[in-house]
Amino acid sequence: MSAPYRSEPSGQAARRMPPIGDFPVPSDGIRAGTMAAAQGQSAPQLRRSRPDFRAKPILPMTPHLAPKLAVSLALAAAPFPAFSQAVPAAAPTSAETAPSDQVVKLDPFTVDSTRDVGYVAVDSLAGGRANLPLRVTAAPIFSLTRAFIDDVQMTNIRDALRWTAGAVPQNWRGGRTGSGGQFNSWAFSVRGQGDLDQGGNPPSRNYFPNYVVQDLYNVDRVEAARGPNSILFGVGDIGGSIATYTKVPRVDRSFNDTVFTFNDRGGVRATDDYNRVVNKRLAVRVNTLLERERGWRDGDKAGTFAADLSFLYNFSDNTRLRVELEGYDRKNSLYTFTIKDTNSLWDRNTDAPTWGSTIAGADKDPLKNPGAPGVKPMTAWGPTTLVWIPGIGLMDWHDGYRSMGPADVGFDAYLQPNAYDFGPTGTTIPALPHKSFTVAPGDSYLRARYASITAILDQKINPNMELQLSAYGYLDAQRTNNGENVGADGATSSVDLNRQLPNGQPNPNYGKLYSDVFLMQQNQYHPAREFRGQFNYHFDTTVFGVPLKQWFSVSGGYRRTELKPRTYLAFDKVGITADDWIQHMIWGRMYWDKSLTYMNLPRNADGRTLTYQAMPFNWFDFDLRETIKYAGIVSQSRLWNDRLNLTLGARRDKYSNYKIGIRGLSNTATSVDESGTTLQGGVIAYVTSWLGINYNYSENFAPLAGGVAPSLYGQALGASKGKGQTMGLRVSTADGKYYASANYYRDKSTGRPRGGPGFQGIWNDYLDAGGTATDIGPSGVITGSGPSANASMSFSDTTDLESHGYEFEFVGNPTPNLRLQANYSIPKSELSNSVPDSRRYYAEHLAEWQAVATTPSSDPAIQAKRDSLRTNLENVQREITSLSQPVVNSHLIKSTFSFFGTYTFPQDILKGYSVGAGVTYLGKQYGNTQDVVNGERILSPGYSVYNLMVAYNTTFRARNREVRMKIQLNVDNLLGNDTLIYRSYKAYGTGLSQGLDYDFIEPRKWTLSTSFSF
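Dropping the structure here:
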């Protein structure tokens, strides 16, 4: 690693991150700032301060929040100068869960996490939005308690997926790459549902939507509710939903929990949980987070600041108001995860001695033309290739030359930590400079911020009736800078073969590897609001001598969400048009000796104005509004002292979706209005006091995720619909020591939105190869003409999904010293009736595409484009063919398993010490649907990651207070597993396959935390 990876360019002072006020927001209901761009004008002038991840604190604290964190940290540190003799504690505990002299009443609307026993959760709201014991809920629900979260050192919702049966992230790269995936890094897949267009429905917080990766600093519990169940779980996808419960102010006692965490990569994290009983009616709880993250990859940096302020006021014994306000600000770098080989076919001799010289055989495929030098012009998308290189300036590199590699001739070979033989071409692929190497603009980042407010009013009408009214407001603003095509499917690794710069001066970077990206900014604004009410009526009685506890809930609500993305590309003139934008767009170049170079695009260069501008057509620019009105009823009948439990429910949803583009002169809105009724019925019967048999039938009505495009033919897609059945056994003991389930499920969903084949790439190859047809359809636009012609498309298609499988889960506290948790899943999901519009579209246009692809050209550059078009057509044909019949879903993991156990030593042996160990296993994983050899799908190997935890608890007195201190060491990936996990494959030869794009398993990581509770 060279110095540029770690430091800023010389002569530049470190700067803090831009304050929140620098973030422009649309004026239509949020903030003023970008509506001018919607009319084709220049984007707002954004402050181009370099993101300085090294500044301490990583993110600036606002004046009203900084003192709160400072006071909390000072209180935590206060015991050190004045502590008395330490007294080891008997068992780990926090101030929040410490016993109290007062009795905490069970709330009908709020989960009380203090009732959890170690890893065993006692109750849940998912059984009907009322606080009911999990043992009587027929729907499959599994919880991760705060004790488990702390033992394994989970920090966000993505960490929780590792320990949840059958749950994996849709975006394995955690929002660190570009091309839009960074905005949906919260997305998850349960029961093999696979990737959903625009991520699907997000995890919820207190059953309200939240469109970022939720941090767990203010969370008491994570809950996975599986299967299609709109009645109980709310808006969700066929596989189920993930929910978190935030910490609630407590009126029984004041306390403070402060935790400092450090890891071996330089990461630092501080959280504080402060609960204050103001008087017998009012309690205030403040949770704060300050974190500086450092990943193991070069340039992997992030900073987060968040604060949650919650009030709970009891107007009387029957009326209570809870108000929660939260602010969140996170900034993380974007970089390439994998890099394509675009240099190994070069003959290591041929170059361009002077600017403008011609190289014989350039652009010819050396695999098909022996003796070709393996060089290629530095062309991009049009007749010019404007490249900004810090220290050199803005120049047109269109007539320059670079090296070629397999990725230039239809074989996406990726550089790996070690050189290897690439089967499809029979060539050797060079190694990465080092395993942690990345390449990206140093100022490529994603900044995500949100603010939310939740107000909940609980009213006890009489001993048998309660009413809850709640309101939620949410706004997030996310911005990415210079990250559109950073690492989505691999950067390139070309060698600069020009001895001279375009201006004729000597090229200081001759012979160096480099990567290009086009410079772009995108803002996304995601406001949401929801209002809902719920009325409960319950009673205990006896029917024909049978004890009955009956609960009815009637609820209704309204949710409105919006999405407003705004895209700006860098250009060298103001006022670009649909005919000239390609000639004026600006690329950025990073040479690998300074692979994380800051672009710092100036406002002027050589008399030209450089600015980020809105496109003259819709790139990813639109206004979307979705509304849902819903009403439901749930009945819960508990007979024979909970030996037989019946749940029935029905829900009605009325859904509206309106979307319109904002760029250009003509935009046609798409809209859909539809309604759906879903039903649910379940039973759990205990044949003994602890062993039950359960069955659950449920349905869901899943609206589109924000940003799903219309079909290829311009039609808006509607909500998908699903139904499912789960049956199995349940173990739940009255003493809270054990909870387990073994289930078989079968679910089916129809009309699910999904992305389609790469028709945009086909159209661009077709135009570059000399094609003249422009019948792209309503889902696309062709701008420019001749060498400047370019196609842009945005569309979605549909598929049906049927899944079935087995799930096993166990949590237990066999003794006061032992806590255990384990789960195992075997999912299988198949797609059917897939991409019907794409199949039709391909058939309609195939003849005109093939007419160009199969016509030889004497121009090597044109012939190369026609070869590329032919390869692209073959790839899309394979994809469509693979989806023309039922097929196992892409990237399905055949099985998942996790186990973690913690043992606290007795007081007479290693007093105060605890030790824990665990493992997570992901089984073999399917590649893409078209990754087939000899009729069989190709599978990536499974892998295991082992974890270790050692903790020491002690108690001492300081300033007349008892302070509980815990020191904990966690080691992730204890054995250092470094298996490459392939995401795609290339079949070749006879029954052979080659892994292509891949992900790393995160290397071994050491984390040390110290907590103080008082």
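Per the numbering used here, the very first residue in the sequence shown carries number 2; after that it's consecutive.
For glycine and all other residues, C-beta sits at the position ideal for the given N, C-alpha and C.
Range covered by the beta strand (DSSP E) that runs through residue i
| i | result |
| --- | --- |
| Leu819 | Leu819 to Ser833 |
| Ser839 | Looking at the DSSP string, Ser839 is not in any beta strand (DSSP E); the run it does join, the alpha helix (DSSP H), is Pro837 to Ala854. |
| Lys1 | Because the chain is modelled from 2 through 1015, residue 1 falls outside the range shown and cannot be assessed. |
| Leu625 | Phe623 to Leu640 |
| Leu570 | Val547 to Phe572 |
| Arg321 | Thr320 to Ser334 |
| Asp581 | Unbroken run through Asp581: none, as it is neither H nor E. |
| Arg958 | Tyr944 to Ala959 |
| Phe306 | Lys302 to Asn315 |
| Asp400 | Run containing Asp400: none; DSSP gives neither H nor E here. |
| Val575 | Run containing Val575: none; DSSP gives neither H nor E here. |
6 angstroms CB neighbourhood of residue i in its chain, flanking five on each side removed
| i | result |
| --- | --- |
| Leu1009 | Phe263 and Leu970 |
| Leu840 | Going by the sequence as given, residue 840 is Arg instead of Leu. Counting only Cβ-Cβ distances below 6 angstroms, and skipping sequence neighbours, we find Ile881. |
| Val388 | Trp398, Trp588 and Arg590 |
| Ser941 | Gln926, Ile982 and Tyr983 |
| Tyr842 | Leu713 |
| Gln525 | Phe184, Gln479 and Pro566 |
| Gln103 | Any reading at Gln103 must be qualified, since the residue scores a pLDDT of 41, below 50, and its modelled position is unreliable; no value is offered. |
| Met966 | Thr955 and Phe1013 |
| Tyr530 | In the sequence as presented, Tyr is not what sits at residue 530; that position holds Arg. Hits under 6 angstroms: Gly474 and Arg561. |
| Pro407 | Asp342, Ala414 and Thr426 |
| Tyr922 | Phe898 and Ser945 |
| Ala862 | Asp364 |
Residue i and residue j closer than 7 angstroms at C-beta
| i | j | result |
| --- | --- | --- |
| Asn744 | Gly729 | yes |
| Phe1015 | Arg962 | yes |
| Ala615 | Tyr569 | yes |
| Pro384 | Pro704 | no |
| Val630 | Tyr559 | Checking the sequence, you will find Lys at residue 630 rather than Val. Yes; because the gap between Cβ atoms is below 7 angstroms, this pair is in contact. |
| Ala720 | Pro711 | no |
| Ser516 | Val410 | no |
| Leu283 | Tyr314 | yes |
| Tyr696 | Val684 | yes |
| Arg755 | Asp798 | yes |
Residue closest to residue i, alpha-carbon to alpha-carbon, out of the options
| i | options | result |
| --- | --- | --- |
| Ala139 | Gly902, Asn765 and Ile694 | Ile694 |
| Pro418 | Ser437, Gly228, Pro548 and Phe149 | Ser437 |
| Pro617 | Ser636, Ile634, Trp582 and Thr146 | Trp582 |
| Lys749 | Thr727, Ala441, Tyr767 and Leu768 | Thr727 |
| Leu145 | Ala244, Gly201 and Pro509 | Ala244 |
| Ser804 | Ala862, Phe149, Pro887 and Trp382 | Pro887 |
| Gly193 | Pro861, Glu808 and Trp1007 | Glu808 |
| Asp868 | Gly771, Gly806 and Asn697 | Gly771 |
| Pro817 | Tyr904, Val889 and Gly778 | Tyr904 |
| Gly300 | Leu597, Asn207, Pro431 and Asn508 | Leu597 |
| Ile827 | Ser899, Leu768, Lys866 and Thr799 | Ser899 |
| Gly767 | Ser345, Lys866, Ile430 and Ser830 | Contrary to the premise, residue 767 reads as Tyr rather than Gly in this sequence. Comparing Cα positions, the closest option is Lys866. |
| Val575 | Ile360, Gly924 and Arg604 | Arg604 |
| Thr800 | Lys248, Ser883, Ile360 and Val121 | Ser883 |
Residues near residue i in its chain [Cβ-Cβ closer than 8 angstroms; skip 5 each side]
| i | result |
| --- | --- |
| Leu692 | Leu730, Arg731 and Val732 |
| Leu997 | Asp413, Ala414, Tyr415, Tyr983, Arg984, Ser985, Tyr986 and Lys987 |
| Val496 | Asn344, Trp347, Arg403, Ser404, Gly512, Lys513, Leu514 and Tyr515 |
Residue range of the unbroken alpha helix (DSSP H) whose run includes residue i
| i | result |
| --- | --- |
| Tyr767 | Phe760 to Asp769 |
| Phe261 | Phe261 -> not in any alpha helix (DSSP H); beta strand (DSSP E) instead, spanning Phe256 to Asn264. |
| Val782 | Per DSSP, Val782 belongs to no alpha helix (DSSP H); it is in the beta strand (DSSP E), Gly781 to Thr784. |
| Val153 | Arg147 to Val153 |
Own chain partners of residue i with C-beta closer than 7 angstroms, once the 5 adjacent residues on each side are dropped
| i | result |
| --- | --- |
| Tyr999 | Thr339, Tyr415, Leu981, Ile982, Tyr983 and Arg984 |
| Ile462 | Leu468 |
For the 8 angstroms Cβ check, are there 3 or more pairs between the stretch 752–759 and the stretch 874–881? Below 8 angstroms, enough C-beta pairs join the stretch 752–759 and the stretch 874–881 to call them touching: three or more.
With three or more beta-carbon pairs closer than 8 angstroms as the criterion, would you say the stretch 213–232 touches the stretch 137–155? yes
Does the stretch 331–338 come close enough to the stretch 446–461 that 3 or more CB-CB pairs lie under 8 angstroms? Judged by Cβ distances under 8 angstroms, the stretch 446–461 makes contact with the stretch 331–338, as three or more pairs qualify.
Given 8 angstroms, three or more beta-carbon pairs between the stretch 168–186 and the stretch 335–347: Counting C-beta pairs closer than 8 angstroms gives three or more between the stretch 168–186 and the stretch 335–347, which meets the contact rule.
Is it the case that the stretch 476–486 contacts the stretch 366–382, given that we only count it when at least three CB pairs across the two stretches are under 8 angstroms? no
If you pair each beta-carbon of the stretch 623–637 with each one of the stretch 656–675, do three or more pairs fall below 8 angstroms? yes
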